[in-house]
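Here the structure comes first, spelled out in structure tokens, and everything after it is commentary.
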Amino acid sequence: MNDDTAAHELHDIVSERISSLVLEMEEANWGAQEVIDAVSNVISAEWLPKFRALAEARQATPTNFVSDGNEG
724 MNDDTAAHEL
734 HDIVSERISS
744 LVLEMEEANW
754 GAQEVIDAVS
764 NVISAEWLPK
774 FRALAEARQA
784 TPTNFVSDGN
794 EG
């Protein structure tokens with residue numbers, strides 16, 4: 724599978740999951756806009772900062788680093 728195909732497939736999966744979440748929450752009497760706003764806020768406020776911090780930590784770790792299990 725090439726990168727474009729994999730990215731498209733991943734996009735489709737995420738889109739399908741979000742659609743299912745919106746439908747489920749609408750059935751629980753939440754408005755679609757409320758759900759989309761909540762998803763956007765959670766991603767922006769919680770997920771993106773975590774992923775960015777993890778990416779920065781990975782970049783700061785030497786490529787020849789070997790864990791002895793006692794780092795933390």
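Numbering (our numbering) for the sequence shown: 724 to 795.
Backbone N, C-alpha and C fix where the C-beta goes; we use that ideal spot for every residue, glycine too.
Query	Result
Is W770 helix, strand or coil when you go by DSSP?	helix
Nearest-angstrom Cα distance between V745 and V737?	12 Å
Do A755 and E747 come within 7 Å of each other at the CB atom, strictly closer than that value?	no
Of all Cβ atoms in chain E, is any one closer than 7 Å to the Cβ of G792?	Absent here is chain E; the protein component of the structure consists of one chain.
Report, in whole angstroms, the separation of the C-beta atoms of V765 and I741, which I expect to be a contact under 8 Å.	In fact, because the Cβ distance is near 12 Å, the residues do not count as touching under 8 Å.
How far does the alpha helix (DSSP H) with S790 in it reach, from first residue to last?	Looking at the DSSP string, S790 is not in any alpha helix (DSSP H), and its letter there is neither H nor E.
Pull up the distance between the alpha-carbon of T728 and that of P785, whole angstroms please.	31 Å
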